[in-house]
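**Q**
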Amino acid sequence: MSITVRRLQSRAALSNESLDAVLSPIEREAMISAASEKLEEFLEILRIDHQNDPNTRGTPGRVARMFVDELVRGRTVAPPSLTDFENRHAYEGMIITGPIDVRSTCAHHLMPIRGEAYVAVLPSPNGKVLGLSKYDRVVDHFAARLQTQEELVQQIGNHLWENTAPTGLAVRISAVHMCRTHRGVRAANGRMVTSAYFGAFLEDASLKNEFLRECASLEVSR
Ligand SMILES: [Zn+2]
Numbered sequence: 023m024s025i026t027v028r029r030l031q032s033r034a035a036l037s038n039e040s041l042d043a044v045l046s047p048i049e050r051e052a053m054i055s056a057a058s059e060k061l062e063e064f065l066e067i068l069r070i071d072h073q074n075d076p077n078t079r080g081t082p083g084r085v086a087r088m089f090v091d092e093l094v095r096g097r098t099v100a101p102p103s104l105t106d107f108e109n110r111h112a113y114e115g116m117i118i119t120g121p122i123d124v125r126s127t128c129a130h131h132l133m134p135i136r137g138e139a140y141v142a143v144l145p146s147p148n149g150k151v152l153g154l155s156k157y158d159r160v161v162d163h164f165a166a167r168l169q170t171q172e173e174l175v176q177q178i179g180n181h182l183w184e185n186t187a188p189t190g191l192a193v194r195i196s197a198v199h200m201c202r203t204h205r206g207v208r209a210a211n212g213r214m215v216t217s218a219y220f221g222a223f224l225e226d227a228s229l230k231n232e233f234l235r236e237c238a239s240l241e242v243s244r
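Going by the numbering used here, the letters in the sequence shown line up with residues 23 to 244, in that order.
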């Protein structure tokens with residue numbers, strides 16, 4: 023086993039925790055090829071002849087690359103830099119953005135989670151405000167891991183709260199879990215909603231209500 027692969031394996035962490043260092047391109051390739059070998063074994067255990075079956079030839083490599091480069095990518099790269107602008111007009115009203123696409127993978131079953139996030143911020147009058155696309159990037163960064171929806175909403179909220187210091191912050195995610203629609207009860211529909219509130223949103227129920235009303239109208243206009 024190469025030194026690179028050994029180093030990768032010695033740094034196991036929780037499924038939605040960032041690795042302690044950003045992966046170099048060499049480490050990334052080593053991770054993909056090690057995972058690919060294990061996926062070959064996995065298909066063989068399922069008695070799938072991936073070497074001779076034209077449909078699954080190359081599948082172990084494709085799946086390994088998909089996991090490392092896309093599904094769990096958020097753990098292996100640096101978080102997006104949160105460039106911000108002065109709140110020049112000392113705007114204190116609520117800024118709400120959404121729906122933001124959420125594409126994640128359930129940590130329990132490795133099945134897709136697909137939904138929308140909404141974020142509300144009460145900017146501090148002498149603080150900074152983020153460019154809107156930054157919220158999309160933060161959501162994507164934490165969604166690109168094996169997640170539970172409860173922890174995803176909290177991680178997005180904590181990151182924004184700690185790095186932008188607004189007066190209040192609310193994050194809400196509404197999503198469909200394929201582990202519920204494609205296995206188990208095979209529910210045709212049904213969403214899960216999770217939310218996280220910080221600062222003024224925890225103290226003032228009318229702020230929460232305003233946020234939820236706006237989420238409902240953004241959902242309808244989608
Ligand atoms: Zn699941």
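Heads up, the beta-carbon is just placed ideally off N, CA and C, and yes, glycines get one too. Treat the numbers as computed from the prediction; the structure is a model and nothing was measured.
To which residues of the same chain is Arg50 closer than 8 Å at the C-beta, ignoring the five residues directly before and after it?
**A** Excluding positions up to five away in sequence, the list reads Val90, Asp91, Thr98.
**Q** What is the DSSP secondary structure of Pro188, reduced to helix, strand or coil?
**A** Correct three-state label for Pro188: coil.
**Q** Give me the Cα-Cα distance between Val44 and Thr216, rounded to the nearest whole angstrom.
**A** Approximately 29 Å, taken between the alpha carbons.
**Q** So Ile70 is in the alpha helix (DSSP H); what residue range does that whole segment cover?
**A** Counting along the chain, Ile70 falls outside any alpha helix (DSSP H), and DSSP gives it neither H nor E.
**Q** Is there at least one non-hydrogen atom of ligand 1 closer than 7 Å to the beta-carbon of Cys237?
**A** No, since every heavy atom of ligand 1 falls outside the 7 Å radius drawn around the Cβ of Cys237.
**Q** Considering only residues of the stretch 92 to 171, which uninterrupted alpha helix (DSSP H) runs meet the minimum length of 4 residues and lie entirely inside it, listed in chain order?
**A** Segments of the alpha helix (DSSP H) lying fully in the stretch 92 to 171: 154 to 165.
**Q** Taking 7 Å as the cut-off, does the CB of Met133 come closer than this to any heavy atom belonging to ligand 1?
**A** Yes, since a heavy atom of ligand 1 falls inside the 7 Å radius drawn around the Cβ of Met133.
**Q** Would the C-beta of His199 count as close to ligand 1, meaning under 7 Å from any of its heavy atoms?
**A** Yes, the Cβ of His199 comes within 7 Å of a heavy atom of ligand 1.
**Q** Using DSSP bridges, identify the partner residues of Ile48.
**A** Its beta-bridge partners do not exist; DSSP assigns none.
**Q** With respect to the beta strand (DSSP E) encompassing Gly221, which residues constitute its N-terminal and C-terminal limits?
**A** Start and end: 214 to 221.
**Q** Roughly how many angstroms separate the alpha carbons of Arg194 and Ala165, rounded to a whole number?
**A** Their backbone Cα atoms lie some 13 Å apart in a straight line.
**Q** For Cys201 and His131, what's the separation of their Cα atoms in angstroms?
**A** Near 6 Å, if we compare the C-alpha coordinates of His131 and Cys201.
**Q** Indicate, with yes or no, if ligand 1 has a heavy atom lying under 7 Å from the CB of His130.
**A** Yes, the Cβ of His130 comes within 7 Å of a heavy atom of ligand 1.
**Q** With H, G and I counted as helix, E and B as strand and the rest as coil, what does DSSP make of Ala57?
**A** In this structure, Ala57 counts as helix in the three-state DSSP scheme.
**Q** I need the DSSP call for Val207, collapsed to helix, strand or coil.
**A** Val207 falls in the coil class under three-state DSSP.
**Q** The alpha helix (DSSP H) with Ala34 in it runs from where to where?
**A** First-last for Ala34: undefined, no H or E at that position.
**Q** Looking at the strands, I want to know which residues DSSP matches up with Ala197.
**A** Answer by DSSP bridge pairing, in chain order: Gly137, Met214.
**Q** Please report the straight-line C-alpha distance between Pro47 and Asp106, rounded to a whole angstrom.
**A** So the two alpha carbons sit approximately 29 Å from each other.
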